[in-house]
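Just below is one structure, and these are the notes that go with it.
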Amino acid sequence: MNISQFNTEASDYATKVDHLFYLESIISGLVVLLVSGLIIVFFALYYRGSRMPRGEVPERKSREIEIGWTVATLFSFLFIFWWAASDQLTALAPPKDALEIHVVAKQWMWRFQHPSGAREIDELHVPAHTDVRLAMTSQDVIHDLYLPALRLKQDILPDRYTYEWFNATKTGIFHFTCAEFCGTDHSIMAGSLVIMTPEDYARWTAAQPEGDDLAHQGKALFLSLGCSGCHTPGSSVHAPDLNGVYGHVVHLSDGSTRTADEAYLRDCMLLPDSTRVAGFPPIMPNFTGAVDEGQIVELVAYIKSLSTDQDAGAQDQSPGGQQ
Amino acid sequence: MTETAGALREPWPDLRLQREGVGLGMWIFLASEVLFFGSLFCGYAVYRTFNVEAFRIAGAHTEIVYGSINTVLLLTSSLTMTIALRAATAELRNLTLYCLAATAALGAAFVLCKGLEYHEDLKQHLFPGLHFPLSPPATQMFWGFYWIMTGIHAVHLTGGIVVVLVVFTLFKRRVIPVQGSTMEGVAIYWHFVDSVWLVLYPLLYLAGRP
Amino acid sequence: MTDITLPFVPPLDAGGESYLDEGHTILSWLTTTDHKRIAILYALSITVFFFIGGVAIGLVRLELISPTGLFLTSDEYNRLFTIHGIIMVWFFLVPSIPATMGNFILPMMIGAPDVAFPRLNLMSWYLYVGGAAFTIYVLFSGGVDTGWTFYPPFSSDYSHSNVIGAAAGVFIVGFSSIATGVNFLATIHMLRCPGMTWLRLPLFAWSMYVVSMVMVLATPVLGMSLLLISAQRLFGLPIFDPSAGGDPLLFQHLFWFYSHPAVYIMILPAMGVVSEVFTCFARRRLFGYGFMVFALIMIGVVGFMVWGHHMFVAGQSPLANLVFSFLSFIVAVPSAIKVFNWTATLYRGHIGFEAPMIYALGFLGLFTIGGLTGLFLASVPIDIAATDSYFVVAHFHTIMVGGTVSAFMAGIHYWWPKVTGKLYNEFWAQFAAITMFLGFNVTFLPQFVMGWLGMPRRYHYYPDVFQIWHILSSGGAVILGAAYLMPLVYLTWSLFYGEKSPDNPWHATGLEWQTPSPPPKSNFLRPPRIDADPYDYHDFGRAAETGDESRARPQGDAS
Numbered sequence: 000m001n002i003s004q005f006n007t008e009a010s011d012y013a014t015k016v017d018h019l020f021y022l023e024s025i026i027s028g029l030v031v032l033l034v035s036g037l038i039i040v041f042f043a044l045y046y047r048g049s050r051m052p053r054g055e056v057p058e059r060k061s062r063e064i065e066i067g068w069t070v071a072t073l074f075s076f077l078f079i080f081w082w083a084a085s086d087q088l089t090a091l092a093p094p095k096d097a098l099e100i101h102v103v104a105k106q107w108m109w110r111f112q113h114p115s116g117a118r119e120i121d122e123l124h125v126p127a128h129t130d131v132r133l134a135m136t137s138q139d140v141i142h143d144l145y146l147p148a149l150r151l152k153q154d155i156l157p158d159r160y161t162y163e164w165f166n167a168t169k170t171g172i173f174h175f176t177c178a179e180f181c182g183t184d185h186s187i188m189a190g191s192l193v194i195m196t197p198e199d200y201a202r203w204t205a206a207q208p209e210g211d212d213l214a215h216q217g218k219a220l221f222l223s224l225g226c227s228g229c230h231t232p233g234s235s236v237h238a239p240d241l242n243g244v245y246g247h248v249v250h251l252s253d254g255s256t257r258t259a260d261e262a263y264l265r266d267c268m269l270l271p272d273s274t275r276v277a278g279f280p281p282i283m284p285n286f287t288g289a290v291d292e293g294q295i296v297e298l299v300a301y302i303k304s305l306s307t308d309q310d311a312g313a314q315d316q317s318p319g320g321q322q
Numbered sequence: 000m001t002e003t004a005g006a007l008r009e010p011w012p013d014l015r016l017q018r019e020g021v022g023l024g025m026w027i028f029l030a031s032e033v034l035f036f037g038s039l040f041c042g043y044a045v046y047r048t049f050n051v052e053a054f055r056i057a058g059a060h061t062e063i064v065y066g067s068i069n070t071v072l073l074l075t076s077s078l079t080m081t082i083a084l085r086a087a088t089a090e091l092r093n094l095t096l097y098c099l100a101a102t103a104a105l106g107a108a109f110v111l112c113k114g115l116e117y118h119e120d121l122k123q124h125l126f127p128g129l130h131f132p133l134s135p136p137a138t139q140m141f142w143g144f145y146w147i148m149t150g151i152h153a154v155h156l157t158g159g160i161v162v163v164l165v166v167f168t169l170f171k172r173r174v175i176p177v178q179g180s181t182m183e184g185v186a187i188y189w190h191f192v193d194s195v196w197l198v199l200y201p202l203l204y205l206a207g208r209p
Numbered sequence: 000m001t002d003i004t005l006p007f008v009p010p011l012d013a014g015g016e017s018y019l020d021e022g023h024t025i026l027s028w029l030t031t032t033d034h035k036r037i038a039i040l041y042a043l044s045i046t047v048f049f050f051i052g053g054v055a056i057g058l059v060r061l062e063l064i065s066p067t068g069l070f071l072t073s074d075e076y077n078r079l080f081t082i083h084g085i086i087m088v089w090f091f092l093v094p095s096i097p098a099t100m101g102n103f104i105l106p107m108m109i110g111a112p113d114v115a116f117p118r119l120n121l122m123s124w125y126l127y128v129g130g131a132a133f134t135i136y137v138l139f140s141g142g143v144d145t146g147w148t149f150y151p152p153f154s155s156d157y158s159h160s161n162v163i164g165a166a167a168g169v170f171i172v173g174f175s176s177i178a179t180g181v182n183f184l185a186t187i188h189m190l191r192c193p194g195m196t197w198l199r200l201p202l203f204a205w206s207m208y209v210v211s212m213v214m215v216l217a218t219p220v221l222g223m224s225l226l227l228i229s230a231q232r233l234f235g236l237p238i239f240d241p242s243a244g245g246d247p248l249l250f251q252h253l254f255w256f257y258s259h260p261a262v263y264i265m266i267l268p269a270m271g272v273v274s275e276v277f278t279c280f281a282r283r284r285l286f287g288y289g290f291m292v293f294a295l296i297m298i299g300v301v302g303f304m305v306w307g308h309h310m311f312v313a314g315q316s317p318l319a320n321l322v323f324s325f326l327s328f329i330v331a332v333p334s335a336i337k338v339f340n341w342t343a344t345l346y347r348g349h350i351g352f353e354a355p356m357i358y359a360l361g362f363l364g365l366f367t368i369g370g371l372t373g374l375f376l377a378s379v380p381i382d383i384a385a386t387d388s389y390f391v392v393a394h395f396h397t398i399m400v401g402g403t404v405s406a407f408m409a410g411i412h413y414w415w416p417k418v419t420g421k422l423y424n425e426f427w428a429q430f431a432a433i434t435m436f437l438g439f440n441v442t443f444l445p446q447f448v449m450g451w452l453g454m455p456r457r458y459h460y461y462p463d464v465f466q467i468w469h470i471l472s473s474g475g476a477v478i479l480g481a482a483y484l485m486p487l488v489y490l491t492w493s494l495f496y497g498e499k500s501p502d503n504p505w506h507a508t509g510l511e512w513q514t515p516s517p518p519p520k521s522n523f524l525r526p527p528r529i530d531a532d533p534y535d536y537h538d539f540g541r542a543a544e545t546g547d548e549s550r551a552r553p554q555g556d557a558s
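Order-wise, the sequence lines are chains F, P and X. All residue numbers for the first sequence refer to numbering that gives the first Met the number 0, where the first residue is 0 and numbers rise by one. All residue numbers for the second sequence refer to numbering that gives the first Met the number 0, where the first residue is 0 and numbers rise by one. All residue numbers for the third sequence refer to numbering that gives the first Met the number 0, where the first residue is 0 and numbers rise by one.
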């Protein structure tokens, strides 16, 4: 291993972070030089027994000096805050059509699932020059996916999705590691981040043994777990139609609204009482324990596909079709 | 004069200042208690906001009769404590002793009543865990907070009862005179414990009811 | 506030007996209500725990010489760094200056015969001992491995260690903090001697006031957070369990709501000590007294509003990140002002190079560096990269060790003659101070570097690219360890063989110095009275051209 696997600036954002670091280092260096310089000078001039004049500093001058350096400090700090906040805000919103990779963290390993269906353990292949969004959840305690070369980390919590997104600009093999203490083997819960050209990534994806993509696997589960029994337009049971639901606002029975994102769809399966749509009976079964995180990822991917494949027609994609 | 001399403690120069000091000290301590219970209430508030329906369902199962009796007991004990403090300042020794005893008795009645209520709750398995009868799952959160909030309050109340009994004994045996600074501190603490209950009661007993 | 007139009670020991002569049995020490003796009880206790915590991290640093470890299992390693954090934070740093110097010096500094509630003061120490007993029990029962931060779900549902024991120990010692805070606040409000108005209080007294406010208001929230973890672990109450509507982040908010003000609990007293030392050893009034007081108060207040900067990557909203980042920059301003004011205090002084001054200078330099690295961490993009890495570890150690421990040492040496009536060996003290400063830098500067390069914290095994930095850091730790042992030796030596000290060896102006060293039990032989501002080291308007020692106006009964 060598240090470039950690400190390479593997994205434009990483470069911006490093520039902010240099800015603050320069300002800090100047302050340290100023303070230590003054101390050394004062010691040299005013050591006990030296014959320097030591009159009083006039009250008004003291006041002016005080206010002066207070204001200067305040403005410098606000300047740094503004620079940092700008960097933070521009990196905030992930773009709409990012390549979404699902991450499941557990003591003490990482599982990655690509939309193509490819799965990896402790290794993450991503294409460069592509917006990549990681949707992450934990199966047990809090973990954190730290990608040093991208200057990114994000805590990963159980029963919840958190996200990191990036657009890498350099190819290569880099290091990733867990960065939230999670028990005995926290320090070896690590792996390789492999950034490839988009072409290489496509080739790699195609070469992966798992043929079916996530949505297909999700559709199979949708049938085998009996979801299609209720969530079909022709069903005798009154259940919400899932076509096109992903990304839209849903009105819940307690009067609140939620956006039907990954987290909401996951909660529908595991906490059906708190996610019930207004106007529907409380008969959605609770699937806690009946599905694992990987299966939830596949089901969510399938439901998402019902939004993007609207115009593909009722032919193949509608749930519970003639199969 | 000799009675009050026994009340003066180092490093205070006079009794008036000592009483003021003890009062100030107790209020500062109460500030810390406000944050102690406050952080608990904060947790309750946050979870309630995200689980309105579940908290409503769960709150309907608290024993309002026991809770209301307890409220009356505690409020009355605050009354007797107030009288005890006034009596002490006016150097009415016997009245002070009677009222302290009454306060302790009412406090003990509260704890007894709470014990009966806990027994009732446990009979209905209203303790988060395997046999918890309610759904959705967030009803367990309400009940988790119920046990912790009432439990910690009961611990504070029991501590208060013990202190009242100790002070009663010290007064009775004339170890310290009633007109010292002790009553000040004890009374302030007791009223605080009562105030906490006045917040707990609506949160736990009235929240789930129309 | 009113001027209080204290009718004076003549002491029984007017013949010249010190507080040390009031009873020689262990029982007399264990049942004392004398703030001075309680201070010494605390000093002994925290020293013991400092060395236990130091041994723990010594083993850690030894292990880290190799990327694949030398002699520890990962579970043992995790328990060692956890107990190091718990002991150093709650059983050394938080009590350090307030419980030792606050207890001993504060009442004397304001002209009081004792603290407001002497028996409560003794109970504070026993609460410390109770909490410490739990911690010792945890040590012997296999330890705890959650990190000093106790995050759930790991601490509540997955750890196989003595979480409850550790939580109980911290919970109990928290009440020691609160009791001390209550005592000091009441003391400062009500027992100042005639003439000691609020704006004549020395900075150390002000720092005790503000730190007491923070201890009283912040510590209970820690208590509750640990109580809730224990409730989940012991009784299965699903307080932080997402499947019952709970949220692990609630714990983090509660925990850091205390633990951020806690770092100010650990630094404010240090700032107070350093203000006393700079003025005395530069023989100069404090530059900008009013601004310095205001800065202490601002740090104490705004310090309650920045806890979220420990949670930038925890899963809180970007808006929260922005707000906490902004407030964190604001809270840095008063600290910066204090650094400038201390530097300016040296201007036109008569500067000596005694050990307290060396330690105070070490504080000044390292607190500046540590504080500046705090700005890095207040910047969200840098924090996202640097949090949970050695950069953070280096940052807080620079302030806690480079800052607070240096100031603690400065105070110990400054007030040593007052407390013991003996003089320590100046050469060895200066040598130890310089060694400590050098050892500190060799230990922690490499940690800043490797943290920014990507070395995560709480790591038993690590990528070998970081080995050189770890070896440097461990080497520094050896120097630092030696530097900590030195005072133990020469200070103990001075107790038995040291030169007897005059009552005011430094010719300091504080009220605590206008009384015999060591002081009598009632602190003062004659009623104390103040009629001048603090740090009265030179007249206003008079140019002290000649460089003579400026005279300190006698205000009590200094011999």
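C-beta atoms are modelled at their ideal positions from N, C-alpha and C, and glycine is treated no differently.
Collapsing the DSSP output to three states places F:Ala104 in a strand. Against chain X, a Cβ distance below 8 Å from P:Glu9 picks out Thr32, Pro112, Asp113, Pro117.
The Cβ atoms of P:Tyr46 and X:Asp246 lie closer than 9 Å to each other.
One Cα belongs to X:Pro106, the other to X:Pro268, and the distance between them is close to 15 Å.
By the rule that beta-carbons nearer than 9 Å mark a contact, X:Ile296 does not touch chain P. Using a Cβ distance threshold of 9 Å, X:Met408 and X:Leu92 do not count as a contacting pair. Shown in chain order are the members of the stretch 46 to 73 of chain P whose Cβ falls below 9 Å from a Cβ of chain F: Phe49, Asn50, Val51, Glu52, Ala53. Straight-line measurement puts the Cα of F:Phe5 at about 33 Å from the Cα of X:Gly142. The continuous alpha helix (DSSP H) containing X:Gln251 extends over residues 247 to 281. Rounded to the nearest angstrom, the Cβ distance from P:Gly159 to P:Gly106 is 7 Å, consistent with a contact under 8 Å. Listed by position along chain F, the residues whose Cβ is nearer than 7 Å to that of X:Phe339 are Trp68.
Bounds of any beta strand (DSSP E) do not take in X:Cys192, whose DSSP letter is neither H nor E. Residues of chain X whose Cβ lies closer than 9 Å to the Cβ of P:Leu202 do not exist, since the nearest Cβ in that chain is about 16 Å away.
Interface annotation, F:Ala178: in contact with chain X, CB-CB separation under 9 Å. Residue-level contact check: P:Ser134 touches chain F, since one or more beta carbons of chain F fall below 9 Å from its beta carbon. Contact with chain X is found for P:Phe35, since one of that chain's Cβ atoms lies less than 9 Å from the residue's Cβ. Looking at the DSSP output, X:Lys421 bridges to X:Lys499. CA-CA distance, X:Thr514 to X:Gly420, rounds to 12 Å.
Here X:Ala243 is near P:Met140, since their CB atoms are less than 9 Å apart.
Cα atoms of X:Val404 and X:Thr397: separation of roughly 10 Å, rounded to the nearest angstrom. Fewer than three Cβ pairs drawn from the stretch 381 to 388 of chain X and the stretch 427 to 436 of chain X lie within less than 8 Å of each other, which leaves the two stretches out of contact. Within its own chain, the residues whose Cβ lies closer than 7 Å to the Cβ of X:Leu19, once the five positions on either side in sequence are excluded, are Pro517, listed in chain order. Annotation for X:Asn161: no beta strand (DSSP E) segment contains it, and DSSP assigns it neither H nor E.
9 Å or more divides the Cβ of P:Gly114 from the Cβ of P:Leu203. Here F:Trp107 is buried: its Cβ has 16 or more other Cβ atoms, across all protein chains shown, within 10 Å. Collapsing the DSSP output to three states places F:Asp143 in a strand. DSSP places F:Gln153 in the strand class (E or B) of the three-state scheme.
The beta carbon of P:Phe144 sits closer than 9 Å to some beta carbon of chain X. Counting only runs that start and end inside the stretch 154 to 203 of chain F, the beta strand (DSSP E) elements of at least 3 residues fall at 161 to 166, 171 to 177, 189 to 195.
Considering only beta carbons, the part of the stretch 176 to 190 of chain X lying closer than 7 Å to chain P consists of Ile177, Val181, Leu184, Ala185, His188, Met189, Leu190, in chain order.
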